[in-house]
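Residue numbers (this note's numbering): 9 to 306. A virtual CB, placed ideally from N, CA and C, is assigned to each residue, including glycine. Every value quoted in this text rests on a predicted model; they were computed, and no experiment measured them. All remarks here apply to the structure that follows.
Shown next, in the form of structure tokens:
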């Protein structure tokens, strides 16, 4: 773990403490986080990437395009994280997606699906499905890689299961960063890693799950919590997760279950890393190394 990673991890503990004390609503989190990350994203996104707003299937999408050496054979479709309650392509995820675009040389279509609590499940899933149908119609002969982080990683898994169940085209591969796959929040690492995780309080996922799916029993449905679903027939996958995040078991258990069903999957656990470290871009060397691993894998 680099010195810069250690410093950023320590700085994150302040936000973790504030969340634990104040327990802000999603609206307050958006008000606090989105303007800051929009400014930071504008200032520190890498050169060489063009961004533009568009839509697929009437769902808002932000497209990231490399200015040079664009890959013609592959694109990435992205679903951002944020507990299904906050986050967007041009705020929380701008730096990370611009770096992913630049390093992989892939065009990225990042879907800004509707968020809870105003739009609980299945609104986000339906938006992802609607956008996906339009994207595959526009790219019939192109390799499509589905990607997402945290809640967006879980939504990516759920989307793939629904595509399979409805007989629609699946992505050719999937790259998931620290996916949130169990909205019952019952895995062991919620307890064992609660103190070492510098970013996520163990209560935060439960709060987000409540806004996304208020009925506790429905949180075990596969399209909500993919860990309870059948992964048979899904495409090859790469999961990248840190060993200091409470969602670690969400990745490990998906990896174990996927292997049993015959899915080609790699779960890459990064020592010392915290939740979604790759979003910090060139601030920490492990972020760039992570995206270089993705580029090699795809």
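Which same chain residues end up closer than 6 Å to residue i when comparing Cβ atoms and leaving out the 5 residues on each side of it in sequence?
i, result
"residue 241", "172"
"residue 144", "177"
"residue 112", "303"
"residue 287", "104"
"residue 271", "239 and 242"
"residue 91", "159 and 216"
"residue 60", "71"
"residue 128", "220"
"residue 135", "67, 121 and 122"
"residue 282", "17, 206, 207, 250, 252 and 253"
"residue 279", "251"
Given that a residue counts as buried once 16 or more other Cβ atoms are within 10 Å of its Cβ, and exposed if not, what is residue i?
i, result
"residue 194", "exposed"
"residue 55", "exposed"
"residue 110", "buried"
"residue 39", "exposed"
"residue 51", "exposed"
"residue 202", "exposed"
"residue 167", "buried"
"residue 19", "exposed"
"residue 352", "Examination of residue 352 is not possible in this model, given that the chain is present from 9 through 306 alone."
"residue 175", "exposed"
"residue 223", "exposed"
"residue 148", "exposed"
"residue 233", "buried"
"residue 10", "exposed"
"residue 146", "exposed"
Using a Cβ-Cβ cutoff of less than 8 Å, which residues in the same chain neighbour residue i once the five nearest sequence positions on both sides are dropped?
i, result
"residue 23", "207"
"residue 188", "89, 91, 158, 159, 161, 162, 213, 255 and 258"
In the DSSP assignment, find the unbroken beta strand (DSSP E) run with residue i in it and report its ends.
i, result
"residue 155", "151-157"
"residue 306", "That residue, residue 306, is in no beta strand (DSSP E); it is neither H nor E in DSSP."
"residue 123", "Residue 123 -> no beta strand (DSSP E), and no H or E assigned at all."
"residue 78", "Premise fails: residue 78 is in no beta strand (DSSP E) and is neither H nor E."
"residue 63", "57-64"
If you follow the alpha helix (DSSP H) that residue i is part of, which residue opens it and which one closes it?
i, result
"residue 74", "Unbroken run through residue 74 is the beta strand (DSSP E), 67-74; no alpha helix (DSSP H)."
"residue 21", "11-30"
"residue 42", "34-52"
"residue 100", "Taken as a continuous stretch (DSSP letters only), residue 100 belongs to no alpha helix (DSSP H), as it is neither H nor E."
Only counting the same chain, and skipping five residues up and downstream in sequence, which positions put a Cβ closer than 7 Å to that of residue i?
i, result
"residue 65", "138, 139, 141 and 142"
"residue 198", "210 and 254"
"residue 82", "114, 150, 151, 153 and 306"
"residue 16", "288, 291 and 292"
"residue 21", "206"
"residue 2", "Outside the displayed span of the chain (9 to 306) sits residue 2, for which this structure offers no information."
"residue 63", "69"
inquiry  = Counting beta carbon pairs with one atom in the stretch 27-34 and one in the stretch 59-78, are three or more of them shorter than 8 Å?
reply    = no
ask   = Pairing CB atoms from the stretch 85-104 with CB atoms from the stretch 153-171, are three or more of them under 8 Å?
value = yes
query = Can you list, in chain order, the stretches of the beta strand (DSSP E) that have 3 or more residues and sit fully within the stretch 210-256?
reply = 244-250
inquiry  = Would the stretch 91-107 count as touching the stretch 43-50 if we require 3 or more Cβ pairs under 8 Å?
reply    = yes
query = Where are the beta strand (DSSP E) runs, 3 residues long or more, that stay fully inside the stretch 126-204, in chain order?
reply = 151-157 and 181-185
message = I want to know whether the stretch 289-304 touches the stretch 255-263 - three or more CB-CB distances under 8 Å.
response = no
message = Could you tell me which whole beta strand (DSSP E) segments of length 3 or greater appear in the stretch 247-302?
response = 273-278
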